[in-house]
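Visitor:
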Amino acid sequence: MSLEITHLGSGSRGNATLLQTEESKVLIDCGFSGRQMERRLARIGVDPSTVDAILISHHHSDHAQGADIFSRRHGAKLLANFTTCANLGFDPVNRCRIFEALERVQVTADLSVLPVPVPHDGADNVGFIVHSGSSERAAVVTDLGEPTDELIHHLRGCAHISIESNYDAKRLALGPYPPSLKSRISGRGGHLSNQQTAELLAEILTSQTKSVVLCHLSSKNNAPHLAESETLFRVENWDGDLRISTQEGPEFSHWLGQTEAEILTR
Ligand SMILES: [Zn+2]
Ligand SMILES: [Zn+2]
Numbered sequence: 067m068s069l070e071i072t073h074l075g076s077g078s079r080g081n082a083t084l085l086q087t088e089e090s091k092v093l094i095d096c097g098f099s100g101r102q103m104e105r106r107l108a109r110i111g112v113d114p115s116t117v118d119a120i121l122i123s124h125h126h127s128d129h130a131q132g133a134d135i136f137s138r139r140h141g142a143k144l145l146a147n148f149t150t151c152a153n154l155g156f157d158p159v160n161r162c163r164i165f166e167a168l169e170r171v172q173v174t175a176d177l178s179v180l181p182v183p184v185p186h187d188g189a190d191n192v193g194f195i196v197h198s199g200s201s202e203r204a205a206v207v208t209d210l211g212e213p214t215d216e217l218i219h220h221l222r223g224c225a226h227i228s229i230e231s232n233y234d235a236k237r238l239a240l241g242p243y244p245p246s247l248k249s250r251i252s253g254r255g256g257h258l259s260n261q262q263t264a265e266l267l268a269e270i271l272t273s274q275t276k277s278v279v280l281c282h283l284s285s286k287n288n289a290p291h292l293a294e295s296e297t298l299f300r301v302e303n304w305d306g307d308l309r310i311s312t313q314e315g316p317e318f319s320h321w322l323g324q325t326e327a328e329i330l331t332r
C-alpha cells in the first residue's frame, strides 16, 4: 500500500492537493478553475477523468472554486461537511456526500480520511488525516487561526504533514493591509503565522514524521525563506524532508509506504 501526495499549487489564489494510491486518485480541495486544474494535472501525467473524488475543506473560493465544474466535467464525486456543502449551494442529497467531523470517511476502496475541525473565519473548515491501508498516515491542513488540542493530537505521529505557514508577523504588521484585515488574518479565525506553525511543529515532530510541506504562504505577507527559516530555527533534532509549496505547482511529490528503490523505479 502506498500513498503519493502532490501539491498542485497552494496559496491565496488557489489550493489543490492530489492523493494517489494504487487504486485511486483523490483531490483535497479544487481551488483553481477547471481548466487550470486540468493543466496542472496534465503536467504530472494525470488524466482528470481518473480522479475519483474531491474532498472540500471549506467553501472559500481558493479551495472550492473549481470543484463544481471539475466534478461535472470529469465525474469526480464531491465530499464536504454540511455547512460547506450549503455554503457552496450543492444539493446535500444528490450532489455532494456529507461527512461528519471526526468520523472516518471511506472515500475510495483504498483511501479513507478523518476530517478534523479547525477554527477559521466564518467557515466550517476541516483538516484531513489520510489513511491508505498502511499504518502510516498523512495530514493536510490549511486555513486555521490557531492549532487546537484535537488537531495536535491527530497530527502527532503522521508520516507526512502538509500545513499552512501563512504569514510573517512583522511583514503583516508593516504591510499594506487595512488594520481590520490584519487583525482578521492574525486572529483566531484567520491563518497560522510562521511562528505559530514552527512552534506547533516543534511540539509534535519526531522521527515518525518523515516529511513536512509548508503551504498556503501569503504572497504579500510572507516569503519562502522566512517560513522555512522560522521552522528550522524552532525545530530541533529532526532530519526529515522540509519543503515549501508555492502558488505555481505541481513541483514535487512525497510517498508513504514505499522504499526509495520502489519510488525510483516508478
Ligand atoms: Zn479559507
Ligand atoms: Zn485558503
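Numbering-wise (my numbering), the sequence shown opens with residue 67 and increments by one.
C-beta atoms are modelled at their ideal positions from N, C-alpha and C, and glycine is treated no differently.
(1) Verify whether the separation of the beta carbon atoms of V196 and L177 is less than 8 angstroms.
(2) Have a look at W304 and A189 and give me their C-alpha separation to the nearest angstrom.
(3) Beta carbon of N147, beta carbon of I120: below 8 angstroms?
(4) Compute the beta-carbon to beta-carbon distance between L93 and G323, rounded to the nearest angstrom, for a pair I have assumed lies under 8 angstroms.
(5) Going by the beta-carbon positions, is the gap between E212 and R254 smaller than 8 angstroms?
(6) Once you ignore the five residues that flank H256 on each side, which residues in its own chain have a CB closer than 7 angstroms to its CB?
(7) Once the 5 residues before and after S284 are set aside, which same chain residues still bring their CB inside 7 angstroms of it?
(8) Name, in chain order, the residues that DSSP records as bridge partners for S319.
(9) Note the first and the last residue of the continuous beta strand (DSSP E) segment covering Q86.
(10) Runs of 3 residues minimum, wholly inside the stretch 145 to 199: which ones carry the beta strand (DSSP E) assignment?
(11) Take every Cβ of the stretch 224 to 243, pair it with every Cβ of the stretch 258 to 270, and state whether three or more of those distances are shorter than 8 angstroms.
(12) Pick out whichever of E202, L84 and P245 has its Cα sitting closest to the Cα of H220.
(13) On the three-state DSSP scale, how would you describe R138?
(14) CB-CB under 6 angstroms to F136, same chain, minus the five flanking residues each way: which ones, in chain order?
(15) If you draw a straight line from the C-alpha of L85 to the C-alpha of R237, how long is it?
Guide: In terms of the structure at hand:
(1) For the pair V196 and L177, the CB atoms are nearer than the 8 angstroms cut-off.
(2) About 34 angstroms.
(3) For the 8 angstroms CB-CB criterion, N147 and I120 do not form a contact.
(4) Incorrect: roughly 20 angstroms between the Cβ atoms, too far for contact.
(5) In contact: E212 and R254 (Cβ atoms closer than 8 angstroms).
(6) It is worth fixing the name first, because residue 256 is Gly in this sequence and not His. Correct list, in chain order: D187, G211 and R250.
(7) So the list reads S78, N232 and Y233, once near-sequence residues are dropped.
(8) Answer by DSSP bridge pairing, in chain order: T72.
(9) Taken as a continuous stretch (DSSP letters only), the beta strand (DSSP E) holding Q86 covers A82 to Q86.
(10) List check, beta strand (DSSP E) in window: 162 to 164, 171 to 174, 177 to 183 and 192 to 197.
(11) Yes: the two stretches touch, three or more of their Cβ pairs being nearer than 8 angstroms.
(12) Minimum Cα distance to H220 is reached at E202.
(13) R138: helix per DSSP, three-state reduction.
(14) Answer for F136: C96, G100 and M103, listed in chain order.
(15) Each residue's alpha carbon lies about 33 angstroms from the other.
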